[in-house]
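Residue numbers are given in our numbering: position 95 of the sequence shown equals residue 1322, and the series is strictly consecutive.
C-beta atoms are modelled at their ideal positions from N, C-alpha and C, and glycine is treated no differently.
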Amino acid sequence: MNFNRLFITFFGSGLAPKAPGTVGSFAGLIVGLVILQFFPMETLFMLTLAITLIAIFEINKYEKATGSHDDKSIVIDEVSGMWIALMLALSTAETLTYEFAEIIAIVGSFLAFRLFDIWKPSTIGVIDRKVKGGLGVMGDDILAGVAGGLLTTLVLLALDKVL
């Protein structure tokens, strides 16, 4: 497997026979949590930015070589979106006083990101349908990550008021 394929499938997680997007998102979640165990949130932010920019070019190369758009094995977009949702949710959880806020942030960001990534409401769906190439593949997941992170943040804040 060449670098391009290894990268865009996030070390092969996108080659899962069933639900490759969910598998890639979960792999991204685990790797993101491991990174956050050893490095500050800013490191994950910088990695997300770098991976997103590199992915746009690598996906363009893959699509040009294969003639296919947004192949289901491409999950680097899910990784970027998952990391965005995770960072937003964990940043909020760190400010709250109840002890299980971090768990809700982790689980909630995964579930909310997948919800928006699959459902593709509003602008997320428009980008998915209309923007071609690597920017289109990455764009809808970036917005799904923001939406998932914001939804999880709202849940965390609502729970903070109740608990």
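(request) Would you kindly check if the distance between the Cβ of GLY1255 and the Cβ of TRP1310 is under 8 Å? (result) One-based indexing of the sequence shown puts residue 1310 at position 83. One-based indexing of the sequence shown puts residue 1255 at position 28. In contact: TRP1310 and GLY1255 (Cβ atoms closer than 8 Å).
(message) Using only the alpha-carbon positions, how far apart do LEU1313 and LYS1245 sit?
(response) Start at 1 with the first residue of the sequence shown, and residue 1313 comes out as number 86. Start at 1 with the first residue of the sequence shown, and residue 1245 comes out as number 18. Going by C-alpha positions, LEU1313 is about 24 Å away from LYS1245.
(request) Rounded to whole angstroms, what's the CA-CA distance from LEU1342 to GLY1376? Just pull it up for me. (result) Position 115 of the sequence shown, counted from the start, is the residue given in the question as residue 1342. Position 149 of the sequence shown, counted from the start, is the residue given in the question as residue 1376. Approximately 11 Å between the Cα atoms of the pair.
(request) Return helix, strand or coil for ASP1344, following the three-state DSSP convention. (result) Within the sequence shown, residue 1344 is the residue found at index 117, counting from 1. Of the three classes helix, strand and coil, the one that applies to ASP1344 here is helix, per DSSP.
(request) Quick one: grab the DSSP three-state call for LYS1388. (result) Translated into the one-based positions of the sequence shown, residue 1388 becomes position 161. When secondary structure is reduced to three states using DSSP, LYS1388 falls in the helix class.
(request) Measure the Cβ-Cβ separation of LEU1384 and TYR1325 and say whether it is below 8 Å. (result) If you number the sequence shown from 1, residue 1384 lands on position 157. If you number the sequence shown from 1, residue 1325 lands on position 98. No, the Cβ-Cβ distance between LEU1384 and TYR1325 is not below 8 Å.
(request) Quick one: give me the first and last residue of the alpha helix (DSSP H) that ASP1304 is part of. (result) Within the sequence shown, residue 1304 is the residue found at index 77, counting from 1. Following the DSSP letters along the chain, one finds ASP1304 inside the alpha helix (DSSP H) bounded by residues 1303 to 1320.
(message) If the criterion is Cβ atoms closer than 8 Å, does the pair MET1365 and SER1307 meet it?
(response) Taking the first residue of the sequence shown as 1, we reach residue 1365 at position 138. Taking the first residue of the sequence shown as 1, we reach residue 1307 at position 80. Going by C-beta atoms, MET1365 is nearer than 8 Å to SER1307.
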